[in-house]
Amino acid sequence: MIILKSRSRAILNYILSRDGYVTLDEVAEQIHISKRAVYYDLHEIIDWLKSKNISLLKVERQRGIFLSAEQKSLVLQHLGKSSNTAFYTFSQDERLAVLICKMLTLTEVWHADRLASLCNVSRNTVLSDLKAAKTALMEYKLKLTYGIKQGYVISGDIIRLRAVFLYYLAQIMPLAKRGILPYLQDEVVKKSLVSLTAIEHELDTEYVDGTLTQLAILIGMMMHNNDRVIIGFEREEIVNSKEFLLINQFFPELPNEEQVYLAIHLLGARVQFPKEITGEEKHNYADMSRIAMRMIHEFERLACVDFSEKDNLLQKIVIHLDSSFYRYRYGILEGTPVVAEIEKKYPELFVITQKVSESLAKAIGYPIPKSDISYLTLHFGAHLRTSGRKKCLIKILIVCQNGVATAQILSREIEELLPFIEVVDIISARELNGYSQPYDLIVSTVQLSANYQALTVNPILTVEDKQTILAHVFRMRKSVRKKDDAERIFDIVKQYVPEDMHYNVKRELGNYFNEKHSLFREVLEQGQQGLADLITPGRIQLIESMDDWREGISLAAAPLLEEELINDCYVNAMIECVENYGPYIFITPDVALAHAKPEGNVNGLSASMLLAHDGILFPDNKVARVIIVLALIDDEQHLGAMKDILDFFGDEHNTARLSNAVNEVVAYSLIAGMPTN
Numbered sequence: 198m199i200i201l202k203s204r205s206r207a208i209l210n211y212i213l214s215r216d217g218y219v220t221l222d223e224v225a226e227q228i229h230i231s232k233r234a235v236y237y238d239l240h241e242i243i244d245w246l247k248s249k250n251i252s253l254l255k256v257e258r259q260r261g262i263f264l265s266a267e268q269k270s271l272v273l274q275h276l277g278k279s280s281n282t283a284f285y286t287f288s289q290d291e292r293l294a295v296l297i298c299k300m301l302t303l304t305e306v307w308h309a310d311r312l313a314s315l316c317n318v319s320r321n322t323v324l325s326d327l328k329a330a331k332t333a334l335m336e337y338k339l340k341l342t343y344g345i346k347q348g349y350v351i352s353g354d355i356i357r358l359r360a361v362f363l364y365y366l367a368q369i370m371p372l373a374k375r376g377i378l379p380y381l382q383d384e385v386v387k388k389s390l391v392s393l394t395a396i397e398h399e400l401d402t403e404y405v406d407g408t409l410t411q412l413a414i415l416i417g418m419m420m421h422n423n424d425r426v427i428i429g430f431e432r433e434e435i436v437n438s439k440e441f442l443l444i445n446q447f448f449p450e451l452p453n454e455e456q457v458y459l460a461i462h463l464l465g466a467r468v469q470f471p472k473e474i475t476g477e478e479k480h481n482y483a484d485m486s487r488i489a490m491r492m493i494h495e496f497e498r499l500a501c502v503d504f505s506e507k508d509n510l511l512q513k514i515v516i517h518l519d520s521s522f523y524r525y526r527y528g529i530l531e532g533t534p535v536v537a538e539i540e541k542k543y544p545e546l547f548v549i550t551q552k553v554s555e556s557l558a559k560a561i562g563y564p565i566p567k568s569d570i571s572y573l574t575l576h577f578g579a580h581l582r583t584s585g586r587k588k589c590l591i592k593i594l595i596v597c598q599n600g601v602a603t604a605q606i607l608s609r610e611i612e613e614l615l616p617f618i619e620v621v622d623i624i625s626a627r628e629l630n631g632y633s634q635p636y637d638l639i640v641s642t643v644q645l646s647a648n649y650q651a652l653t654v655n656p657i658l659t660v661e662d663k664q665t666i667l668a669h670v671f672r673m674r675k676s677v678r679k680k681d682d683a684e685r686i687f688d689i690v691k692q693y694v695p696e697d698m699h700y701n702v703k704r705e706l707g708n709y710f711n712e713k714h715s716l717f718r719e720v721l722e723q724g725q726q727g728l729a730d731l732i733t734p735g736r737i738q739l740i741e742s743m744d745d746w747r748e749g750i751s752l753a754a755a756p757l758l759e760e761e762l763i764n765d766c767y768v769n770a771m772i773e774c775v776e777n778y779g780p781y782i783f784i785t786p787d788v789a790l791a792h793a794k795p796e797g798n799v800n801g802l803s804a805s806m807l808l809a810h811d812g813i814l815f816p817d818n819k820v821a822r823v824i825i826v827l828a829l830i831d832d833e834q835h836l837g838a839m840k841d842i843l844d845f846f847g848d849e850h851n852t853a854r855l856s857n858a859v860n861e862v863v864a865y866s867l868i869a870g871m872p873t874n
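Residue numbers 198 to 874, in the working numbering, belong to the letters of the sequence shown in order.
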């Protein structure tokens with residue numbers, strides 16, 4: 198009799214939870230094992246299927262693994278209804294979220310051994326996780342304490358406790374949906390979800406996927422304990438809302454304050470918080486301004502950029518933070534389909550913004566949800582400059598209803614498609630009727646009347662949107678050009694080509710410059726270069742130690758200087774930055790990222806690295822075991838490398854492995870082993 202091992206069960210359970218084909222890479226990522234381990238376990242799964250007389254898995258090299266509905270039904274019958282939890286290996290971040298959510302919903306005493314069993318780890322591992330949880334909770338002004346009689350307890354302001362619960366719950370909702378965590382099996386949660394879905398229907402609205410499920414789990418938490426919220430402001434507007442009346446109808450057993458609390462969540466972005474608030478509810482506008490400026494400086498430091506319109510960016514972030522503060526406090530679940538795409542489409546900007554948002558969370562004492570990090574990403578991204586903008590030929594008018602940040606990022610995306618595009622204005626559909634300024638083309642995120650010839654696109658451009666804009670712009674441009682690119686080049690080269698070959702050469706050039714080939718491919722396939730693309734083994738140096746940090750920066754930059762990618766002025770500028778502003782270039786306690794403004798001293802985007810086993814002493818007693826030199830050419834093209842740097846050196850073990858590398862090739866292999874963009 199063949200018995201599936203726990204890891205094979207985890208793989209099979211994951212395949213069962215998915216529709217269509219599942220790639221091996223996806224399985225490896227979800228189960229937290231190597232691709233080779235997946236291959237090995239698939240053999241065991243196939244043998245198990247044979248023993249149960251179930252037709253075998255369909256495996257295709259390019260598409261992945263597939264189970265039909267009939268196969269899934271038979272597999273489920275044989276697997277039984279046992280929990281998936283015992284067959285899943287949680288990542289460290291998942292364990293942190295699982296532990297915090299569990300401890301916030303406890304109704305009985307739990308000790309370390311029981312928590313270790315919940316996460317399928319050793320007692321030592323869970324004790325280490327609990328230490329990390331205690332540190333994380335302290336940032337939100339919450340306390341994690343332990344006693345023999347009471348076990349582990351998280352205490353603090355009740356609204357803050359719930360905001361933190363919702364923050365970590367969002368991170369593990371995919372595990373709950375797969376049955377790995379038991380939240381959705383709770384009867385109170387099931388009943389609450391039915392009621393919330395009915396409320397959604399009555400409101401004739403559609404909440405973002407997962408919002409109602411998380412609120413149902415929160416209601417389960419509220420029902421199971423006796424802690425009650427106290428709303429610290431006048432709530433007449435909320436009590437008079439349709440949302441509150443429906444909450445009162447479907448959840449009559451909840452106290453009035455709790456009904457108001459839930460109505461706040463259902464109102465989401467539409468809830469208006471009064472200005473005159475006291476106590477825990479109060480915040481200071483001037484404080485928000487200081488926090489926003491700190492965030493801008495931190496973004497500039499981490500992204501190695503310099504915002505030219507800093508005051509404008511500051512104003513936009515302050516307005517955003519001021520309107521969002523109470524949503525942070527209440528942990529309001531907010532998001533749109535646009536927000537869901539931002540992390541995927543702008544991973545470099547998102548990672549840097551996420552790092553910057555840590556200082557915001559620490560300053561205000563509330564977690565910052567991913568949805569809000571996405572909006573902040575748009576604000577930062579829209580204020581980055583690109584170099585080399587050429588004279589414009591096509592003027593585009595944008596009609597957008599999705600807010601200032603989204604409109605700005607859309608504008609930047611359109612302008613970057615081709616150098617001869619300029620966005621002349623951004624207006625709403627209502628303003629279009631009386632608009633009198635000249636433009637060549639309207640690009641709109643909303644459907645306009647037939648009176649206007651406009652291209653309708655998504656707020657975040659898809660590949661199809663880009664193709665549509667490009668095709669239209671090229672048709673327009675051809676009408677104003679005397680000669681296209683192919684003809685111009687042919688005029689130059691024809692004198693060097695035999696006459697009988699002119700026709701073929703001109704035709705091939707025409708094919709090459711065809712809009713569906715070179716330019717389409719260049720625009721649609723362009724991507725950010727990662728750190729491994731900018732550093733070669735020849736640009737990595739290893740030393741034991743060095744006394745002078747100035748010499749350390751100079752030595753780290755030497756390979757780029759030798760390749761003439763930078764000049765001596767750039768090296769001096771990097772050193773002067775540290776002399777003038779201190780060791781701000783440290784992005785972790787062991788890693789210094791040296792850079793300066795290009796100002797004509799950089800000939801190409803590039804990077805080099807110096808690894809010092811025993812470290813190099815900088816001002817303020819900071820010690821760098823790694824010095825990275827980044828040669829910038831503008832505010833954007835290096836962001837892919839910055840994402841890799843923050844991801845890689847965010848793990849202190851990677852820093853140790855790199856600084857202990859035996860040679861340049863080993864060091865480079867560690868860097869090249871990072872996930873690519």
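Backbone N, C-alpha and C define an ideal beta-carbon position, used for all residues, glycine too.
- Contact check for residue 355 and residue 424: beta-carbon distance about 5 angstroms, within the 8 angstroms limit, so the pair qualifies.
- Residue 568 counts as buried, since no fewer than 16 other beta carbons sit within 10 angstroms of its beta carbon.
- Listed in chain order, the non-local C-beta contacts of residue 202 below 7 angstroms within the same chain comprise 241, local neighbours out to five positions each way being set aside.
- Here residue 549 is near residue 840, since their CB atoms are less than 8 angstroms apart.
- Taking C-beta separations shorter than 8 angstroms and ignoring five residues to either side along the sequence, the partners of residue 823 in its chain run 787, 788, 789, 806, 807, 808, 809, 846, 852, 855 and 856, following chain order.
- Approximately 18 angstroms separates the beta-carbon atoms of residue 842 and residue 749; this is outside 8 angstroms, ruling out the contact.
- Taking a C-beta distance under 8 angstroms as the contact criterion, residue 645 and residue 669 do not qualify as a contact pair.
- Cβ atoms of residue 326 and residue 303 stay farther apart than 8 angstroms, at about 16 angstroms.
- Taking the CA atoms as reference points, residue 698 sits about 12 angstroms from residue 706.
- Fewer than three beta-carbon pairs drawn from the segment 555 to 574 and the segment 619 to 639 are found closer than 8 angstroms, and the two stretches are therefore not classed as touching.
- As computed with DSSP, residue 349 is found in a beta bridge with 343.
- Among the bridge pairs identified by DSSP, residue 593 is matched with 620 and 638.
- With a contact defined as Cβ atoms closer than 8 angstroms, residue 836 and residue 545 qualify at about 4 angstroms.
- In the three-state reduction of the DSSP assignment, residue 812 falls in the strand class.
- Within the DSSP secondary-structure output, residue 299 pairs in no beta bridge.
- In the three-state reduction of the DSSP assignment, residue 760 falls in the coil class.
- Only buried fits residue 833, as 16 or more other CB atoms lie within 10 angstroms of its CB.
- Around the beta carbon of residue 316, 16 or more other beta carbons sit within 10 angstroms, so the residue counts as buried.
- Using a Cβ-Cβ distance cut-off of 8 angstroms, the segment 402 to 422 and the segment 331 to 338 are not in contact, since fewer than three pairs of beta carbons, one from each stretch, lie closer than that value.
- When only Cα atoms are considered, residue 503 and residue 494 end up about 9 angstroms apart.
- For residue 578, the enclosing alpha helix (DSSP H) stretches over residues 567 to 579.
- Straight through space, the alpha carbons of residue 285 and residue 243 are spaced by roughly 20 angstroms.
- By the 16-neighbour rule on beta-carbons within 10 angstroms, residue 552 is buried.
- Taking C-beta atoms as the reference points, residue 209 and residue 306 fail to come closer than 8 angstroms.
- The closest CA to that of residue 418, considering only 401, 734 and 361, is found on 361.
- With contacts defined by Cβ atoms closer than 8 angstroms, residue 596 and residue 643 form a contacting pair.
- Among the bridge pairs identified by DSSP, residue 785 is matched with 788.
- Taking the C-beta atoms as reference points, residue 224 is found nearer than 8 angstroms to residue 235.
- Contact check for residue 801 and residue 830: beta-carbon distance about 7 angstroms, within the 8 angstroms limit, so the pair qualifies.
- Rounded to whole angstroms, the Cβ separation of residue 492 and residue 556 is 6 angstroms, and the two are in contact under 8 angstroms.
- Short of 8 angstroms from the beta carbon of residue 497, and not among the five residues preceding or following it, lie these beta carbons of its own chain, in chain order: 503 and 504.
- For the options 267, 579, 593 and 420, the alpha carbon positioned closest to that of residue 605 is the one of 579.
- DSSP places residue 845 outside any beta strand (DSSP E); the residue lies instead in the alpha helix (DSSP H), whose first and last residues are 836 to 846.
- Assigned with DSSP and collapsed to three states, residue 550 falls in helix.
- For the pair residue 378 and residue 372, the Cα-to-Cα distance works out to about 6 angstroms.
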